[in-house]
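If you read the sequences in order, they're chains A and B.
Numbering-wise, our numbering comes out as the position in the first sequence, counting from 1, plus 1395.
Numbering-wise, our numbering comes out as the position in the second sequence, counting from 1, plus 1395.
The C-beta atom is built at its ideal place from N, Cα and C for all residues, glycine as well.
All figures in this text were calculated on a predicted structure; none of them were measured in a lab.
A short worksheet on the structure shown next.
There are 2 protein chains.
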Amino acid sequence: MKIVVDAFGGDNAPVEVVEGAVLALAKKKDLTVVLTGDQKRISEILNGRTERVEIVDAKDVITNDDTPTLAIRQKKDSSLVRAFDLLKENDDVVGLVSAGSTGAVLTGAILKIGRIKGISRPALCPILPTVKKDKTVMICDCGANVDCKSEHLLHFAIMASAYSSIMSGQESPKVALLNNGAEEHKGNELCKETFPLLKKLPINFVGNVEARDVMSGDVDVIVTDGFAGNVLLKSVEGVASGMSKLIKQEAKKNVFSMLGALMMGRFKGLKAKMDINKYGGAPFLGCKKLVVKTHGTANREVIKNTILQVAKLYESGLNEKIESLVLKMTESLGEEKTGGANG
Amino acid sequence: MKIVVDAFGGDNAPVEVVEGAVLALAKKKDLTVVLTGDQKRISEILNGRTERVEIVDAKDVITNDDTPTLAIRQKKDSSLVRAFDLLKENDDVVGLVSAGSTGAVLTGAILKIGRIKGISRPALCPILPTVKKDKTVMICDCGANVDCKSEHLLHFAIMASAYSSIMSGQESPKVALLNNGAEEHKGNELCKETFPLLKKLPINFVGNVEARDVMSGDVDVIVTDGFAGNVLLKSVEGVASGMSKLIKQEAKKNVFSMLGALMMGRFKGLKAKMDINKYGGAPFLGCKKLVVKTHGTANREVIKNTILQVAKLYESGLNEKIESLVLKMTESLGEEKTGGANG
């Protein structure tokens, strides 16, 4: 199995990305990694560790300052565009990993790879930790589609259900709709229209969830439009980091004491628990091939996890599961509710 | 000045509500409080402390299980409806405080009190703490209007700007639009349409803010539709409480040691810093008279703060400021952009 990795995407590229690839290769013996980016620099970092590694030279880099659509169209010799070209043109390349610009990764996936038949809008689906031990929750969509119709949310629901089932091993993950109240009649027009349709899908839909209960660990998948999902994801990040700062300030008051030192130690354990990145990356669900965006600050450990995540999703047949659910959904809802949303 | 308080709204009613009123009266000598609810029970709690307190008997209570519109229309002898009637019918009653059902308070405010001329949609505007010392941020709207047009967001912006200016004493509070990116071109259709109009308002509009920066303390007011605002507010609550649980779990591992005990002590200080309630309640901006909803779990201290907040808003002429800004806004944008949104 071959996975292509954008070696020059992200804040810690290329060193951490290349080292992450080496770690993934050590973990998985049937894996080959294709690294895209400045060949000379990548070779230097690899420093002779070339088993099951291929390098495809790319002189350019897409940054967060680039406009995604322009960058994908014009920076043809960038590490990301080269990676997408490899993914598109080679049957044996099964997935792509990038820690680069989210917008560019999403744009590249749509322009170069395209959608699974029947899926109107691919969606970004990151994982969050919960207060329950070893229990996570997936949020779909988190920013790829900021204006949604109910048909889109139905697709997000089946895609994320299939994804969650693979990652957690549960047969029927609990899927909930993000809403401003728990009762069925609550919500904006989009939620009110989507709720009854979600009940008809071949998934385990458990009703509405409020944003305050996202981290409760009671549900496995949260479906929402990309705007609200983005607000949710980023406020979780923001509060976690804000509280971290406050905790550190408190701890510093005792920094010369044993208490301060011990508090900081304890806090590191807590921070690890809250660290979203350790779960790997966020897949762009609904693309013809696996595309996983990992955090811009990803270190080698996160890159390794993300590459292994792509391998797992491929081996578990994520896209086949999604295709099969789309067919079942069409049967459940009737052609008119699912066919119209394409494009 | 008279303020009416729904003595039977909230989880800790009536004891904490009545005691909160007594605390507020002790702080402010020109204040009279009208308490609505079971007269006998209120008198028992007051236990002779009757100076500047009036009681209006109400036998019924509206709970969170009631449907707001039905409850306001049918439970005419409830503490909340009696409070709204008093606010409506008496010129000397300047504001209302309730810790009861948010939906019922909003519905009562609209049905019984009505809107300030020129304001299309009143909006709920709670205060959040930030990482900067003594710096807060206001979010408008947080759930009163889940489907919004850009005109509504413009009204939220001027109302919350006026409110923030009174609460913080700043002449020109920084107002930002909640969005999924910092750049002007970012956002869903609503944000893209609203951004250029916000620039024309007679307020200090500073651009987009992402949800992760809400607690940064860099802006004073965040404008958003009520659905996204609700997601933001509740996820902040959820993560703060989720992290609290994790911190407590960590601390418990050392519960018999000095460290554990000291950590819990430190943490209480931190929790106080994160406690949204200490700032009082969330006003329902844009009503003809002041209506402030405080948290269902409010204790006497929070009730006291909320009553004093209403007094401050009245004395500072919040509604007059809003009316004047609406007029200026109409001039800035032209009649067609502001007149059409009424209703």
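Below 8 Å on C-beta distance, what does residue i contact in chain A?
{"i": "K1640/B", "result": "V1526"}
Determine the extent of the alpha helix (DSSP H) in which residue i is found, giving its start and end residues.
{"i": "I1457/A", "result": "Careful: I1457/A lies outside any alpha helix (DSSP H) and carries neither H nor E."}
{"i": "H1514/B", "result": "It should be noted that the sequence gives Ile, not His, for residue 1514/B. No alpha helix (DSSP H) holds I1514/B; DSSP gives it neither H nor E."}
{"i": "F1479/A", "result": "1474-1484"}
{"i": "M1533/B", "result": "Taken as a continuous stretch (DSSP letters only), M1533/B belongs to no alpha helix (DSSP H), being part of the beta strand (DSSP E) at 1531-1535."}
{"i": "P1591/B", "result": "1584-1594"}
{"i": "G1503/B", "result": "1497-1503"}
{"i": "L1703/A", "result": "1695-1710"}
{"i": "I1522/A", "result": "Taken as a continuous stretch (DSSP letters only), I1522/A belongs to no alpha helix (DSSP H), being part of the beta strand (DSSP E) at 1522-1524."}
{"i": "V1721/A", "result": "1713-1728"}
{"i": "A1557/B", "result": "1545-1563"}
{"i": "A1416/B", "result": "1410-1422"}
Between the Cα of residue i and those of the options, spot the shortest distance and give me the residue it belongs to.
{"i": "G1624/A", "options": "K1640/B, E1414/B, G1582/B", "result": "G1582/B"}
{"i": "D1433/A", "options": "L1418/A, K1424/A, A1408/A, A1419/A", "result": "A1408/A"}
{"i": "E1710/A", "options": "M1533/A, V1488/A, N1694/A, R1607/A", "result": "V1488/A"}
{"i": "N1540/B", "options": "G1498/B, A1466/B, L1441/B", "result": "G1498/B"}
{"i": "S1556/B", "options": "L1420/B, C1535/B, T1589/B", "result": "C1535/B"}
{"i": "P1463/B", "options": "I1717/B, K1483/B, G1503/B", "result": "G1503/B"}
{"i": "T1589/B", "options": "G1513/B, K1544/B, L1713/B", "result": "K1544/B"}
{"i": "F1622/A", "options": "L1685/A, N1574/A, M1638/A", "result": "N1574/A"}
{"i": "K1530/B", "options": "G1564/B, P1517/B, E1546/B, L1506/B", "result": "G1564/B"}
{"i": "P1521/A", "options": "G1637/A, G1729/A, G1675/A", "result": "G1675/A"}
{"i": "L1722/B", "options": "R1436/B, T1445/B, K1512/B", "result": "K1512/B"}
{"i": "V1616/A", "options": "S1567/A, R1436/A, I1505/A", "result": "S1567/A"}
{"i": "L1685/A", "options": "M1724/A, G1490/A, L1549/A, D1542/A", "result": "G1490/A"}
{"i": "V1687/B", "options": "L1441/B, V1500/B, E1446/B", "result": "V1500/B"}
{"i": "I1505/A", "options": "L1441/A, V1476/A, N1599/A", "result": "V1476/A"}
Residue i lies in the beta strand (DSSP E); which residues open and close that run?
{"i": "K1569/B", "result": "1569-1573"}
{"i": "K1397/A", "result": "1397-1401"}
{"i": "S1493/A", "result": "1488-1493"}
{"i": "N1603/A", "result": "1599-1604"}
{"i": "T1680/A", "result": "Thr is not the amino acid found at residue 1680/A; the sequence shown has Leu there. 1677-1680 is the span of the beta strand (DSSP E), which, as asked, contains L1680/A."}
{"i": "T1431/A", "result": "1427-1432"}
{"i": "K1688/A", "result": "1685-1688"}
{"i": "I1617/A", "result": "1616-1618"}
Quick check: residue i and residue j, are their CB atoms within less than 8 Å of each other?
{"i": "A1677/A", "j": "L1519/A", "result": "yes"}
{"i": "L1572/B", "j": "N1603/B", "result": "yes"}
{"i": "I1508/A", "j": "F1551/A", "result": "no"}
{"i": "V1570/A", "j": "V1601/A", "result": "yes"}
{"i": "G1612/B", "j": "V1526/B", "result": "yes"}
{"i": "S1559/A", "j": "M1533/A", "result": "yes"}
{"i": "I1391/B", "j": "A1466/B", "result": "Residue numbering for chain B in the displayed model covers 1396 to 1738; residue 1391/B lies beyond these limits and cannot be assessed."}
{"i": "V1417/B", "j": "V1451/B", "result": "no"}
{"i": "I1702/B", "j": "V1492/B", "result": "yes"}
{"i": "G1691/A", "j": "D1406/A", "result": "yes"}
{"i": "L1481/B", "j": "V1448/B", "result": "no"}
{"i": "A1453/A", "j": "S1438/A", "result": "no"}
{"i": "E1411/B", "j": "A1693/B", "result": "yes"}
{"i": "D1620/A", "j": "L1585/A", "result": "yes"}
{"i": "M1554/A", "j": "L1680/A", "result": "yes"}
{"i": "K1470/A", "j": "A1706/A", "result": "no"}
{"i": "S1727/A", "j": "L1523/A", "result": "no"}
Could one say the Cβ of residue i lies closer than 8 Å to chain C's Cβ atoms, at least one of them?
{"i": "D1455/B", "result": "Given the protein chain composition of this structure (A and B), no chain C is represented."}
Residues, ordered as in the chain, of the segment 1606-1636 of chain B that lie near chain A by beta-carbon distance below 7 Å: A1606, R1607, D1608, V1609, M1610, F1622, A1623, N1625, V1626, L1627, K1629, S1630, V1631, E1632, G1633, V1634, A1635
Residues of the segment 1532-1550 of chain A whose Cβ lies closer than 8 Å to any Cβ of chain B, in chain order: G1538, V1541, D1542
Residues of the segment 1564-1581 of chain A whose Cβ lies closer than 8 Å to any Cβ of chain B, in chain order: L1573, N1575
Contact set between the segment 1583-1601 of chain A and chain B, restricted to residues whose Cβ is under 9 Å from the partner: N1583, E1584, L1585, C1586
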